[in-house]
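For the sequence shown, the numbering used here begins at 1417 and goes up steadily by one.
Think of the CB as a built atom: it goes at the ideal place given N, C-alpha and C, for glycine as much as any other residue.
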Amino acid sequence: TVGAGLQGAGAAALPLAARLLTCYGRAALFSTELFDFSVVHLGSMAATELATFAYEAGRHGLRTRHFSDEAVAPAAALVAEMALDDLMRAWQGFIRFSRERHAFYTAARARARQSLTDMT
(Lines of atoms letter the chains of each structure in order from A and count residues from 1; the text may use other names and numbers.)
(Lines give C-alpha, C1' and ligand atoms only; values in the text may rest on other atoms or scores of the structure.)
Protein backbone atom coordinates (compact mmCIF):
# COMPACT_ATOMS: atom_id res chain seq x y z
CA THR A 1 0.00 0.00 0.00
CA VAL A 2 0.98 3.63 -0.27
CA GLY A 3 1.45 4.03 3.49
CA ALA A 4 3.77 1.04 3.65
CA GLY A 5 6.04 2.69 1.08
CA LEU A 6 6.62 5.59 3.49
CA GLN A 7 7.90 3.43 6.36
CA GLY A 8 11.58 3.88 5.54
CA ALA A 9 11.24 7.49 4.39
CA GLY A 10 11.62 9.29 7.71
CA ALA A 11 10.36 12.71 8.74
CA ALA A 12 11.20 14.24 5.34
CA ALA A 13 8.12 12.49 3.96
CA LEU A 14 5.71 14.18 6.39
CA PRO A 15 4.32 16.70 3.88
CA LEU A 16 3.54 13.81 1.52
CA ALA A 17 2.00 11.80 4.35
CA ALA A 18 -0.24 14.73 5.32
CA ARG A 19 -1.37 15.11 1.71
CA LEU A 20 -2.09 11.39 1.46
CA LEU A 21 -4.06 11.47 4.72
CA THR A 22 -6.22 14.23 3.24
CA CYS A 23 -6.72 12.44 -0.07
CA TYR A 24 -7.56 9.15 1.62
CA GLY A 25 -9.92 10.90 4.05
CA ARG A 26 -11.83 12.66 1.28
CA ALA A 27 -12.30 9.31 -0.41
CA ALA A 28 -13.40 7.71 2.90
CA LEU A 29 -10.44 5.32 2.73
CA PHE A 30 -8.41 4.21 5.73
CA SER A 31 -4.74 3.23 5.69
CA THR A 32 -3.36 1.82 8.92
CA GLU A 33 0.17 2.02 7.52
CA LEU A 34 -0.21 5.73 6.78
CA PHE A 35 -1.43 6.47 10.30
CA ASP A 36 1.30 4.22 11.77
CA PHE A 37 3.96 6.16 9.87
CA SER A 38 2.52 9.53 10.85
CA VAL A 39 2.10 8.81 14.56
CA VAL A 40 5.76 7.81 14.84
CA HIS A 41 6.73 11.26 13.54
CA LEU A 42 4.28 13.44 15.50
CA GLY A 43 7.14 15.27 17.20
CA SER A 44 8.62 16.24 13.84
CA MET A 45 5.40 17.52 12.28
CA ALA A 46 4.87 21.16 11.42
CA ALA A 47 1.74 22.76 12.86
CA THR A 48 -0.24 22.40 9.64
CA GLU A 49 0.73 18.72 9.27
CA LEU A 50 -0.28 17.99 12.84
CA ALA A 51 -3.61 19.77 12.35
CA THR A 52 -4.20 17.65 9.25
CA PHE A 53 -3.31 14.49 11.15
CA ALA A 54 -5.71 15.37 13.99
CA TYR A 55 -8.52 16.20 11.57
CA GLU A 56 -8.11 13.04 9.51
CA ALA A 57 -7.82 10.84 12.60
CA GLY A 58 -11.00 12.44 13.90
CA ARG A 59 -12.74 11.74 10.62
CA HIS A 60 -12.31 7.99 11.18
CA GLY A 61 -13.64 8.12 14.75
CA LEU A 62 -13.17 5.20 17.09
CA ARG A 63 -11.00 3.32 14.59
CA THR A 64 -8.26 5.95 15.03
CA ARG A 65 -8.90 7.10 18.58
CA HIS A 66 -5.54 5.77 19.78
CA PHE A 67 -3.78 7.81 17.06
CA SER A 68 -5.71 10.94 18.07
CA ASP A 69 -4.82 10.40 21.72
CA GLU A 70 -1.13 10.44 20.79
CA ALA A 71 -1.55 13.75 18.94
CA VAL A 72 -3.18 15.78 21.74
CA ALA A 73 -0.03 16.89 23.59
CA PRO A 74 1.99 17.72 20.44
CA ALA A 75 -0.98 19.64 19.02
CA ALA A 76 -1.40 21.58 22.26
CA ALA A 77 2.29 22.48 22.14
CA LEU A 78 1.96 23.83 18.58
CA VAL A 79 -1.20 25.92 19.08
CA ALA A 80 0.77 29.18 18.92
CA GLU A 81 2.21 28.17 15.53
CA MET A 82 -1.11 27.14 13.99
CA ALA A 83 -2.92 29.39 11.57
CA LEU A 84 -6.58 29.84 12.48
CA ASP A 85 -7.63 27.35 9.77
CA ASP A 86 -5.22 24.76 11.20
CA LEU A 87 -6.42 25.42 14.73
CA MET A 88 -10.04 24.88 13.69
CA ARG A 89 -9.17 21.69 11.75
CA ALA A 90 -7.40 20.24 14.78
CA TRP A 91 -10.32 21.38 16.97
CA GLN A 92 -12.75 19.56 14.71
CA GLY A 93 -10.57 16.45 14.63
CA PHE A 94 -10.44 16.21 18.41
CA ILE A 95 -14.12 17.01 19.03
CA ARG A 96 -15.41 13.43 18.99
CA PHE A 97 -13.80 12.59 22.34
CA SER A 98 -13.46 16.15 23.58
CA ARG A 99 -13.47 15.40 27.29
CA GLU A 100 -10.27 13.37 26.98
CA ARG A 101 -8.69 16.02 24.73
CA HIS A 102 -9.07 18.93 27.17
CA ALA A 103 -5.32 19.69 27.08
CA PHE A 104 -5.64 20.80 23.46
CA TYR A 105 -8.80 22.84 24.07
CA THR A 106 -7.28 24.53 27.11
CA ALA A 107 -4.23 25.53 25.06
CA ALA A 108 -6.34 26.65 22.09
CA ARG A 109 -9.09 28.51 23.97
CA ALA A 110 -7.35 31.88 24.30
CA ARG A 111 -6.20 31.81 20.69
CA ALA A 112 -9.68 30.93 19.40
CA ARG A 113 -11.30 33.59 21.59
CA GLN A 114 -8.87 36.25 20.36
CA SER A 115 -9.50 35.26 16.75
CA LEU A 116 -13.25 35.64 17.28
CA THR A 117 -12.71 39.08 18.81
CA ASP A 118 -10.59 40.09 15.81
CA MET A 119 -13.41 39.09 13.43
CA THR A 120 -15.85 41.63 14.88
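Taking buried to mean at least 16 other C-beta atoms within 10 Å of its own C-beta, is residue i buried or exposed?
i	result
residue 1456	exposed
residue 1535	exposed
residue 1434	buried
Return the first residue and the last residue of the alpha helix (DSSP H) that residue i is part of.
i	result
residue 1482	1481–1493
residue 1498	No alpha helix (DSSP H) contains residue 1498, which DSSP labels as neither H nor E.
Using CA atoms only, rank isn't needed, just tell me which of the options is closest to residue i.
i	options	result
residue 1475	1425, 1512, 1427, 1482	1512
residue 1528	1438, 1505, 1437	1505
residue 1431	1464, 1526, 1503, 1497	1464
residue 1447	1479, 1459, 1489	1479
So, at 8 Å on beta carbons, what are the nonlocal neighbours of residue i in its own chain, with the 5 sequence-adjacent residues on each side left out?
i	result
residue 1492	1519, 1520, 1522, 1523, 1524
What number of angstroms, rounded off, separates the C-alpha of residue i from the C-alpha of residue j?
i	j	result
residue 1472	residue 1530	26 Å
residue 1514	residue 1450	24 Å
residue 1436	residue 1500	22 Å
residue 1481	residue 1462	21 Å
residue 1503	residue 1467	7 Å
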